[in-house]
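*Asks:* Supplied in structure tokens, the structure appears directly below.
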Amino acid sequence: MGEILHGIFINPFIEIAGAPDLFVQVLWEGFVSGTLYALIALGFVLIFKASGVFNFAQGIMVVFGALSLVGLFAAGVPAWLALILCIGIMFGLAWGVERVVLRNLVNQEPIILFMATIGLNYFLIGFGEFIFGGEPKTMITSEIGLPTGSFDFEVLGGLVSLQQIDVSAAVIAGLLVAGLAVFFNKTRIGRALRAVADDHQAAMSVGITLQQIWVIVWFAAGIVALTTGIMWGARSDVSFALSIVALKALPVLILGGFTSVPGAIVGGLIIGISEKLAEFYWGPLVGGSIESWFPYFLALIFLWFRPQGLFGERIIERV
Amino acid sequence: MLYRETGQFKTSYSADQAVFPIRQDLVGIWLILAFMFLVVPFTFNDFWLNSIMIPTLIFALAAIGLNILTGYAGQLSLGTGGFMGCGAYACLKLTTFFPDLNIIIVILMSGFFAAAVGFIFGLPSLRIKGFYLAVATLASQFFLEWAFGRIAWLYNYADSGAIEVPTRRIFDIAITGPHASSMTRYLVVLSIVVVLTWVASNLVRGRFGRSWMAVRDMDIAAELIGIRLLSTKLTAFSISSYYCGVAGAMMVFLWLGAAEVESFDINHSFLVLFMVIIGGLGSLLGAFLGAAFIWNLPILLRSAFGQTIDAASVEHISFMVVGALIIFFLIVEPHGFARMWQIAKEKLRLWPFPY
Numbered sequence: 000m001g002e003i004l005h006g007i008f009i010n011p012f013i014e015i016a017g018a019p020d021l022f023v024q025v026l027w028e029g030f031v032s033g034t035l036y037a038l039i040a041l042g043f044v045l046i047f048k049a050s051g052v053f054n055f056a057q058g059i060m061v062v063f064g065a066l067s068l069v070g071l072f073a074a075g076v077p078a079w080l081a082l083i084l085c086i087g088i089m090f091g092l093a094w095g096v097e098r099v100v101l102r103n104l105v106n107q108e109p110i111i112l113f114m115a116t117i118g119l120n121y122f123l124i125g126f127g128e129f130i131f132g133g134e135p136k137t138m139i140t141s142e143i144g145l146p147t148g149s150f151d152f153e154v155l156g157g158l159v160s161l162q163q164i165d166v167s168a169a170v171i172a173g174l175l176v177a178g179l180a181v182f183f184n185k186t187r188i189g190r191a192l193r194a195v196a197d198d199h200q201a202a203m204s205v206g207i208t209l210q211q212i213w214v215i216v217w218f219a220a221g222i223v224a225l226t227t228g229i230m231w232g233a234r235s236d237v238s239f240a241l242s243i244v245a246l247k248a249l250p251v252l253i254l255g256g257f258t259s260v261p262g263a264i265v266g267g268l269i270i271g272i273s274e275k276l277a278e279f280y281w282g283p284l285v286g287g288s289i290e291s292w293f294p295y296f297l298a299l300i301f302l303w304f305r306p307q308g309l310f311g312e313r314i315i316e317r318v
Numbered sequence: 000m001l002y003r004e005t006g007q008f009k010t011s012y013s014a015d016q017a018v019f020p021i022r023q024d025l026v027g028i029w030l031i032l033a034f035m036f037l038v039v040p041f042t043f044n045d046f047w048l049n050s051i052m053i054p055t056l057i058f059a060l061a062a063i064g065l066n067i068l069t070g071y072a073g074q075l076s077l078g079t080g081g082f083m084g085c086g087a088y089a090c091l092k093l094t095t096f097f098p099d100l101n102i103i104i105v106i107l108m109s110g111f112f113a114a115a116v117g118f119i120f121g122l123p124s125l126r127i128k129g130f131y132l133a134v135a136t137l138a139s140q141f142f143l144e145w146a147f148g149r150i151a152w153l154y155n156y157a158d159s160g161a162i163e164v165p166t167r168r169i170f171d172i173a174i175t176g177p178h179a180s181s182m183t184r185y186l187v188v189l190s191i192v193v194v195l196t197w198v199a200s201n202l203v204r205g206r207f208g209r210s211w212m213a214v215r216d217m218d219i220a221a222e223l224i225g226i227r228l229l230s231t232k233l234t235a236f237s238i239s240s241y242y243c244g245v246a247g248a249m250m251v252f253l254w255l256g257a258a259e260v261e262s263f264d265i266n267h268s269f270l271v272l273f274m275v276i277i278g279g280l281g282s283l284l285g286a287f288l289g290a291a292f293i294w295n296l297p298i299l300l301r302s303a304f305g306q307t308i309d310a311a312s313v314e315h316i317s318f319m320v321v322g323a324l325i326i327f328f329l330i331v332e333p334h335g336f337a338r339m340w341q342i343a344k345e346k347l348r349l350w351p352f353p354y
């Protein structure tokens, strides 16, 4: 028993002190996957805030975006045109979802809308595989102007290597969030979006068209998904396995709260970093691969103390 | 005309509280049971029994389990696959320790282990609700999947890392394992499902069911009228997991014959959730209809398209069709097949002379 406790609470710190470069490397790995989780969670939050829909299909939208980019390029479309076409596809998807699904399910219970997005999830999996094929594909990283290669740093007597693609992922994620923040706070449509997020009926009463807002917000989530897909695809392959990994965005949402953009970012980083650290230092104690469930447990423990998440609004219950 | 209840008076409390108060329903259910027990096993071939009847019944039981939790008690769960796995692995361990014990009893007992696990993972529901709880149940799903794959003791240190079902006999008839005929397995599955469904139908009408529904409709109000949230939510989790566990044990022992971790993955959780939603939340009939629909739709599609295009495309098309149909059904009738049946019954009562 003492040995186990020692392994959990003391050994990791000895290892950290012994090999600080390794620690920094793990931290960086965690930061990068945290950025990607945060981006997926951001897509969730955008849609949840504006329409109250828990969009289960966000993960598959990531895969779908990346897949159509790769698929279009493979079909002979130049990379820049493929990128523009993909944005168009994402708009088409947003419009289609609003027209076919959301418009017909206005005023239904949240669980029904949630189920509809699971249906959408299945539809997109089938559709994507049917058109582009189910096998994993390589992201066209250099063709769309993303750097490859790595920076190597001397840190505390060891070597830490940062992939350039990861660095650019972090930068692009930052730009995207900043862009969205400006869009939300400074533009007319952004104000309308915030109004809808606050109160549907009040927003409608001042003349905001809900349907239009939904298309815009799903489109924004689609753009976020496309970006995430490109970044993630560049790190590993573009395949439907991504959609299971994307479920990791859910503990991020719990940590950050369903309605908070900064919460999604901070939560994503916490989850990403802690899961990699746990995997690296605690994983070997129990046979590894604890990455698959550790984030959920972390979120669960967190939830026990703060049911509304990190930045979520306080839940007030009335009878 | 056929479905008229005129002249059926309820003259005693027991008549008033019957599961099927209308005579036509009662006759109908007995006819269906007679058909299932007496006609199906002797006339259907192995393909029908193995690929359609047995899995439909097993998934229906799992759907009843999830329906108790989600439909009656209102706690959204995405961990069904994990709880089914608990039942399956518990069944394997029990029958390894007690090889002479009647396998049907072992299957029914293995549900209790799933119930214990469900109890533990139900604890967070006291603090968190709705989608937050759904994510919390994902924790159980992924943790259990991980445990099934990592703890070799659970699958008896088999090299394949899979459950290999041993042969168990009752009165010299093989019930499980490679020698069991599909007819015996079908009859065992059917009997267990019928008995457990009967138990469930009485549970949801009784004290348990009423307090579950009160908590589902509004938990604070339920608390105010004196329902203990703690025990209500935890019994819902335990009983639901019991049903899922028994379904999981049956899935491996009476249907698949061998199972790996993948048999209990998150996709199975979604599959059962689809069945519950499409069938109708809060309806036992819905669990059966939903299971029959969701399980058999891809088979139907495969046999419809099978000859013209390759297998992979059929798979993709069936994904698309299932997804689209789910959305379609949610739009047309968000309360599922059970509500459709109810509406049809209302129409039948008046037909052919509507007011």
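Residue numbers (numbering that gives the first Met the number 0), protein chains in the order written: chain A, 0 to 318; chain B, 0 to 354.
All C-beta atoms, glycine included, are put in the ideal place defined by N, C-alpha and C.
1) Compute the distance between the beta-carbons of residue 137 (chain A) and residue 198 (chain A), then report whether it is under 8 Å.
2) Check each candidate in A:168, A:119, A:68, A:73 and name the one with the smallest Cα separation from residue 57 (chain A).
3) In terms of alpha-carbon separation, which member of A:228, A:96, A:263, A:177 lies closest to residue 68 (chain A)?
4) Which runs of the alpha helix (DSSP H) spanning at least 4 residues fall entirely within the region 106-137 of chain A, listed in chain order?
5) Give the range of the beta strand (DSSP E) segment to which residue 174 (chain B) is assigned.
6) Between the alpha carbons of residue 304 (chain A) and residue 25 (chain B), how many angstroms are there, rounded?
7) Give the residues of chain A in contact with residue 333 (chain B), contact being defined as C-beta atoms less than 8 Å apart.
8) List, in order along the chain, the chain A residues whose C-beta lies closer than 8 Å to that of residue 269 (chain B)?
9) When the Cβ atoms of the region 177-196 of chain B are set against those of the region 223-238 of chain B, are three or more pairs found closer than 8 Å?
10) Give the straight-line distance between the Cα atoms of residue 380 (chain A) and residue 201 (chain A), rounded to the nearest whole angstrom.
11) Taking the alpha-carbon of residue 61 (chain B) as reference, which of B:347, B:239, B:333, B:316 has the nearest alpha-carbon?
12) Below 8 Å CB to CB, which residues in the same chain sit around residue 293 (chain B) once its five sequence neighbours on both sides are set aside?
13) In the DSSP assignment, what are the bridge partners of residue 258 (chain B)?
14) For the 8 Å Cβ check, are there 3 or more pairs between the region 163-179 of chain A and the region 106-121 of chain A?
15) Can you tell me where the beta strand (DSSP E) holding residue 21 (chain B) begins and where it ends?
16) Tell me where the beta strand (DSSP E) around residue 98 (chain A) begins and ends.
17) So what's residue 169 (chain B) in DSSP terms, helix, strand or just coil?
18) 8 Å is my cut-off, CB to CB: does residue 157 (chain B) come that close to chain A?
19) Contact defined as beta carbons within less than 8 Å: I believe residue 283 (chain B) pairs with residue 63 (chain B). What is the distance between those atoms, to the nearest angstrom?
20) Checking contacts by CB at 8 Å: is residue 125 (chain A) closer than that to chain B?
21) Buried or exposed: where does residue 74 (chain B) fall if 16 or more other Cβ atoms within 10 Å of its Cβ makes it buried?
22) Are residue 37 (chain A) and residue 267 (chain A) touching if we call contact CB-CB under 8 Å?
23) In angstroms, rounded to a whole number, what distance separates the CA positions of residue 301 (chain A) and residue 91 (chain A)?
24) Do you know offhand how far residue 117 (chain A)'s Cα is from residue 11 (chain B)'s?
25) Counting only Cβ pairs nearer than 8 Å, list the residues of chain A close to residue 285 (chain B).
26) Extract the residue ranges of the beta strand (DSSP E) inside the region 229-295 of chain A, only unbroken runs of 3 or more that lie entirely within it.
27) Between the C-alpha atoms of residue 245 (chain A) and residue 136 (chain B), what's the straight-line distance to the nearest angstrom?
28) Can you find a CB in chain A that lies within less than 8 Å of the CB of residue 312 (chain B)?
29) Taking the C-alpha atoms as reference points, what is the distance between residue 44 (chain B) and residue 32 (chain B)?
30) Could you please tell me which residues of the region 213-230 of chain B, in chain order, have their CB closer than 9 Å to any CB of chain A?
31) Using a Cβ cut-off of 8 Å (strictly closer), state whether residue 239 (chain A) contacts chain B.
32) Since residue 137 (chain B) is in the alpha helix (DSSP H), which residue starts that stretch and which ends it?
33) Over the uninterrupted alpha helix (DSSP H) stretch that includes residue 107 (chain B), give me the two end residues.
34) Please state if the CB of residue 102 (chain B) and the CB of residue 295 (chain B) are separated by a distance shorter than 8 Å.
35) For residue 54 (chain A) and residue 323 (chain B), what's the separation of their Cα atoms in angstroms?
36) If distances are taken between C-alpha atoms only, which option among A:125, A:79, A:28 comes closest to residue 311 (chain B)?
*Replies:* With the structure as the only source:
1) Not a contact, by the Cβ cut-off of 8 Å.
2) Ranked by how close their Cα comes to the Cα of residue 57 (chain A), the residues A:168, A:119, A:68, A:73 have A:119 in first place.
3) It is A:228.
4) The alpha helix (DSSP H) runs of length 4 or more contained entirely in the region 106-137 of chain A are, from start to end of the chain, 109-131.
5) Bounds of the beta strand (DSSP E) holding residue 174 (chain B) are 172-175.
6) For residue 304 (chain A) and residue 25 (chain B), the distance between alpha carbons rounds to 51 Å.
7) Within chain A, the residues near residue 333 (chain B) are 104, 107, 108, 111.
8) Here the neighbours are 117.
9) No, the region 177-196 of chain B is not in contact with the region 223-238 of chain B.
10) No information on residue 380 (chain A) is available, as it lies outside the stretch 0 to 318 that chain A covers here.
11) Checking every option, the nearest Cα to that of residue 61 (chain B) belongs to B:239.
12) Correct list, in chain order: 58, 270, 273, 274, 277, 321.
13) According to DSSP, which records beta bridges pairwise, residue 258 (chain B) is partnered with B:162.
14) They do not touch, by the three-pair rule.
15) According to the DSSP assignment, residue 21 (chain B) belongs to no beta strand (DSSP E), since it is labelled neither H nor E.
16) For residue 98 (chain A), no beta strand (DSSP E) encloses it, and the DSSP letter there is neither H nor E.
17) The answer is strand: DSSP assigns residue 169 (chain B) an E or B state.
18) No, residue 157 (chain B) does not count as interfacial toward chain A.
19) Contact annotation, residue 283 (chain B) with residue 63 (chain B): C-beta distance approximately 6 Å; criterion of less than 8 Å satisfied.
20) Closer than 8 Å to some Cβ of chain B, the Cβ of residue 125 (chain A) qualifies, so yes.
21) By the 10 Å Cβ count, residue 74 (chain B) comes out buried.
22) Judged by their CB atoms, residue 37 (chain A) and residue 267 (chain A) are nearer to each other than the 8 Å cut-off.
23) Rounded to the nearest angstrom, the two C-alpha atoms are 38 Å apart.
24) Distance from the CA of residue 117 (chain A) to the CA of residue 11 (chain B), rounded to the nearest whole angstrom, comes to 47 Å.
25) Residues of chain A passing the Cβ test: none, with the nearest at roughly 14 Å.
26) Here no run is fully enclosed.
27) Whole-angstrom Cα-Cα distance: 16 Å.
28) Interface residue, yes.
29) If you take the alpha carbons of residue 44 (chain B) and residue 32 (chain B), they lie about 19 Å apart.
30) Along the region 213-230 of chain B, the positions whose C-beta sits under 9 Å from a C-beta of chain A are 217, 218, 219, 220, 223, read in chain order.
31) Interface annotation, residue 239 (chain A): not in contact with chain B, CB-CB separation never under 8 Å.
32) 129-149 is the span of the alpha helix (DSSP H), which, as asked, contains residue 137 (chain B).
33) Note, residue 107 (chain B): alpha helix (DSSP H), 102-121.
34) Against a cut-off of 8 Å, the Cβ pair of residue 102 (chain B) and residue 295 (chain B) comes out as no contact.
35) Roughly 16 Å between the two C-alpha positions.
36) Taking the Cα of residue 311 (chain B) as reference, the smallest distance to any Cα among A:125, A:79, A:28 is reached at A:125.
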